[in-house]
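According to numbering that gives the first Met the number 0, the residues represented by the sequence shown are 0 to 260, in order.
We treat Cβ as the ideally placed atom computed from N, Cα and C, and that holds for glycine.
Heads up, the thing below is written out as structure tokens.
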Amino acid sequence: MSDSWPRRRLLAILRGASEPLDAQELARITGQHVTTVRFHLDVLTRESLVRQFQQPPRGRGRPRIGYRAIQRSIGYQELAEVLADQLGPDPRRRSEAAIAAGRAWGAKLDAGDHAVESLEDAKDVTMTLMSELGFAPERDAAAETDGQVLIRLTACPLRELARTHSEVVCGVHLGLIKEVLDRNGVRGEVNVRLQPFVEPELCMIRLELMARREPERNATPLPIGAEAGTEPRIAPPSAGRVPPQLRNADPNVAKQSAQQW
0 MSDSWPRRRL LAILRGASEP LDAQELARIT GQHVTTVRFH LDVLTRESLV RQFQQPPRGR
60 GRPRIGYRAI QRSIGYQELA EVLADQLGPD PRRRSEAAIA AGRAWGAKLD AGDHAVESLE
120 DAKDVTMTLM SELGFAPERD AAAETDGQVL IRLTACPLRE LARTHSEVVC GVHLGLIKEV
180 LDRNGVRGEV NVRLQPFVEP ELCMIRLELM ARREPERNAT PLPIGAEAGT EPRIAPPSAG
240 RVPPQLRNAD PNVAKQSAQQ W
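Here it is, written out as structure tokens:
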């Protein structure tokens, strides 16, 4: 199962769902054909990762088969809450600490080498990252503009903890995204925002293109080797100076030559 990205995504969606989902619903969420979804669900069922439930039919017809992920992590919620609480009582400091932890995670994560040269590139890297982590991201194309991309997170492996500790859980993921994008060349060009629970089962990532500073058109270029904020070294005017070779010459000649020099 670990080698199959479609099955990992289905499992992540089922883990984040509040009720069993059938193959039709999962096909709609993932964009896969319902036959493909049923195949993956059968594999997950055989591996004891999901369980089947009989559900009432929609209208006339046979009962539907719903699927729910089997929770294997005993005591995980309590452990995660204890660790989150250790970040202190101040929500702002907890959020800052969580973002820093997410960046540290991103610095160690093997996130590939994808050069980010546009907002579209930043979207692709973010979608890939969140898919691999089990968030089942979806692009919200209807809400996009030239300077903004929206990504819907339809599943969250840490959803229950995020409901009570969103500044910690979402802070870690925000820091992770920022670090991965920065590592791929986006530093200072794309702003990342994560909005938890814009709907009861939905979070949103917002990528915004930041305006670049344009150089002043009439600015005088600095000499090579000069630094901004310093005056270029220019030799002082030579009026009144006499060339060394004329210092002992006839005074009239020296005066005339000094005026020409």
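In this structure, Gln23 is the residue among Gln23, Val42, Asp41 with its C-alpha nearest to the C-alpha of Val33.
Under the three-state reduction of DSSP output, Cys169 falls in the helix class. Taking every protein chain shown into account, the CB of Val81 has fewer than 16 other CB atoms within 10 angstroms, so this residue is exposed. When C-alpha distances from Pro19 are compared across Val36, Thr163, Arg61, Arg67, the shortest belongs to Arg67. Taking every protein chain shown into account, the CB of Gly65 has 16 or more other CB atoms within 10 angstroms, so this residue is buried. Inter-residue distance for Pro136 and Thr153 is about 6 Å (C-alpha atoms, whole angstroms).
Using a C-beta cut-off of 8 Å, the region 92-102 makes contact with the region 166-183, since at least three inter-stretch Cβ pairs fall below that distance.
In this structure Leu25 does not touch Val42 by the C-beta definition: roughly 13 Å separates them, more than the 8 Å allowed. According to DSSP, residue pairing for Met203 in a beta bridge involves Arg151, Gln194. Within the same chain, Leu175 come within 6 Å of Trp104 by CB-CB distance, once the 5 residues on both sides are set aside. In the DSSP assignment, Gln51 falls outside any alpha helix (DSSP H) and within the unbroken beta strand (DSSP E) covering 49-54. Annotation for Arg205: Gln147, Leu149, Arg192, Gln194 place their beta carbon closer than 7 Å to its own, counting only its chain and skipping 5 residues before and after. Between the C-alpha atoms of Gln54 and Ile12 there is a straight-line separation of about 18 Å.
Leu180 and Lys122 have their C-alpha atoms some 10 Å from each other. The DSSP assignment places no complete run of the beta strand (DSSP E) inside the region 65-114 (cut-off: 3 residues). Boundaries of the alpha helix (DSSP H) harbouring Glu131: 118-131, taken from the DSSP string. DSSP places Glu137 in no alpha helix (DSSP H) but in the uninterrupted beta strand (DSSP E) bounded by 136-138. Here Leu208 carries a strand assignment [DSSP, helix/strand/coil]. Taking the Cα of Ser117 as reference, the smallest distance to any Cα among Ile28, Asp145, Arg63 is reached at Asp145.
Ala141: not part of any alpha helix (DSSP H); DSSP gives it neither H nor E. Here the alpha carbons of Ser17 and Arg63 stand approximately 17 Å from one another.
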